[in-house]
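Take the sequence shown: its position 325, counted from the start at 1, is 325 in full-length UniProt numbering, and no numbers get skipped. Step one of this worksheet: look at the structure below.
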Amino acid sequence: MMPTALSLLDLAPIATGQTARDSFEASVELARAAERSGYQRVWYAEHHNMATIASSATSVLIGYVAAHTESIKLGSGGIMLPNHSPLVIAEQFGTLATLYPGRIDLGLGRAPGSDQVTMRALRRDHLSAESFPQDVLELQGYLTGRTRIPGVQSYPKPDGEVPLFILGSSLFGAQLAAQLGLPYAFASHFAPDALQQAVQVYRDTFTPSAQLSEPYVIAGVNVIAADTREEAEDQKTRAYRNRTRAFITRGVVGQNFTDAEIDAFLDSPNGQQLAQMTRYTAVGTPEEVRDYLEAFAASIRADELITAHHAEDAAARTRSVELTGAAMTATAAA
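Right, dumping it as structure tokens:
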């Protein structure tokens, strides 16, 4: 066992020259690597109208990866519940948990996971996020067989539990997770500013529930591990250039920027602000990554770290997952 549970956030990227099918196969290989390497779970995020991300139909991808793995837990990080009827999500995850008992997680967020135009295309009302706490309770009722809507049940009902997790990047999610007695996952891999305060609020106000007797904190962190420091730094540079390019060209058809232009932008005040979003990043050799992750976990007393590996190449991401898992496991065995 690792001293802090280690998990994986797979962003299911579609690289230049690759197809969505290539991304799905890469997700299977990444999950298999995580399974071999002692990771606790793999989560997939719901994003829409993004040509470089293949996890928009999150529950379908979870089912595909589950069919090609043996034991690792799989789930959503997260389902953006205001985009959906709680009943439909209960049916989807009840089906997954029936097919793969004991392996399915349901992480829930209240952000749209898209832009305003896409939000309208999803038939989402702009006020739907206001009912997020009530929607979580309605969904929980369906999955536990204690419906809050008289005469309406969710089928199929899984034999075991489908654990719920609240995802967030602000105090709202921390307060809600504490009030409902659910695990809390903070998106510090891209929204680091409120991490310390949110975790403290969650721990201070936590109320035990049927699912969870004491607080459980998961924190997101970016990872690029390679056999040498130089290789890891090169992967980081290329990965974060691509990330920046995707941010500033989103919705602009035919627009592209050279590496030199991207580097110049990152040196600007706006670019520095964007770079700060990935403040929590472990990069280097396995030992360097291990030391960073251990210190990061200790700084907030995290029960679990969910790692997002950002190497551009799928094989390099898989290698990063394996190196990180081996380094963390070796520490636990020492």
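Note that beta-carbon positions come from the ideal geometry of N, C-alpha and C, so glycine has one too.
Residues near S23 in its chain [Cβ-Cβ closer than 7 Å; skip 5 each side]: Taking the sequence shown and counting its residues from 1, the one referred to as residue 23 is at position 23. Same-chain partners within the cutoff: A12, P13, I14, A54.
Opposing strand residues paired with P13 [DSSP bridges]: Here residue 13 refers to the residue found at position 13 when the sequence shown is read from its first residue. Looking at the DSSP assignment, P13 forms a beta bridge with I53.
Distance CB(G78)-CB(W43) smaller than 9 Å: Looking up residue 78 in the sequence shown gives position 78. Looking up residue 43 in the sequence shown gives position 43. In this structure, W43 lies closer than 9 Å to G78 by Cβ.
Residue range of the beta strand (DSSP E) that includes K73: In the sequence shown, the residue the question calls residue 73 occupies position 73. Start and end: 73 to 80.
Reference Y216, options P208, N222, G75, closest by Cα: Taking the first residue of the sequence shown as 1, we reach residue 216 at position 216. The residue with the shortest Cα to Cα distance from Y216 is P208.
Close-in-space but distant-in-sequence residues of the same chain around Y155 (CB under 8 Å, 5 per side omitted): Along the sequence shown, one-based indexing puts residue 155 at 155. E91, G94, listed in sequence order.
Straight-line Cα distance separating T329 from P163: Within the sequence shown, residue 163 is the residue found at index 163, counting from 1. Within the sequence shown, residue 329 is the residue found at index 329, counting from 1. C-alpha separation (whole angstroms): 25 Å.
Every unbroken alpha helix (DSSP H) inside the segment 261 to 305 [4 residues or more]: 269 to 276, 286 to 300
Distance, A297 Cα to E130 Cα: Locating residue 130 in the sequence shown gives position 130, counting from the first residue. Locating residue 297 in the sequence shown gives position 297, counting from the first residue. Approximately 32 Å, taken between the alpha carbons.
Where S59 falls: helix, strand or coil (DSSP): Position 59 of the sequence shown, counting from 1, holds the residue named residue 59. Helix at S59.
Backbone CA spacing between E46 and A264 [nearest angstrom]: As a working mapping, residue 46 is identified with position 46 in the sequence shown. As a working mapping, residue 264 is identified with position 264 in the sequence shown. C-alpha separation (whole angstroms): 31 Å.
Segments of 3+ residues assigned as beta strand (DSSP E) that fall wholly inside the segment 144 to 215: 164 to 168, 184 to 186
Exposed unless 16 or more other CB atoms sit within 10 angstroms - verdict on S268: To locate residue 268, count along the sequence shown from 1; it is residue 268. Per the 10 Å Cβ criterion, exposed.
Exposure label - I149; buried when at least 16 CB within 10 Å: By 1-based counting over the sequence shown, the position of residue 149 is 149. By the neighbour-count rule (16 or more Cβ atoms within 10 Å), I149 is not buried but exposed.
Residue range of the unbroken alpha helix (DSSP H) whose run includes G94: The residue you call residue 94 lines up with position 94 of the sequence shown. 86 to 99 is the span of the alpha helix (DSSP H), which, as asked, contains G94.
Under the three-state DSSP convention, the category D105 falls into: Counted from its first residue, the sequence shown places residue 105 at position 105. Here D105 sits in strand by DSSP.
Euclidean distance between Cα positions of Q179 and P133: Working through the sequence shown from its first residue, we reach residue 179 at position 179. Working through the sequence shown from its first residue, we reach residue 133 at position 133. Going from the Cα of Q179 to the Cα of P133 covers about 10 Å.
contact_flag[the segment 218 to 227, the segment 295 to 310] where n(CB pairs < 8 Å) is 3 or more: yes
C-alpha gap between L182 and S170, whole angstroms: Position 182 of the sequence shown, counted from the first residue, corresponds to residue 182. Position 170 of the sequence shown, counted from the first residue, corresponds to residue 170. Each residue's Cα considered, the two are about 16 Å apart.
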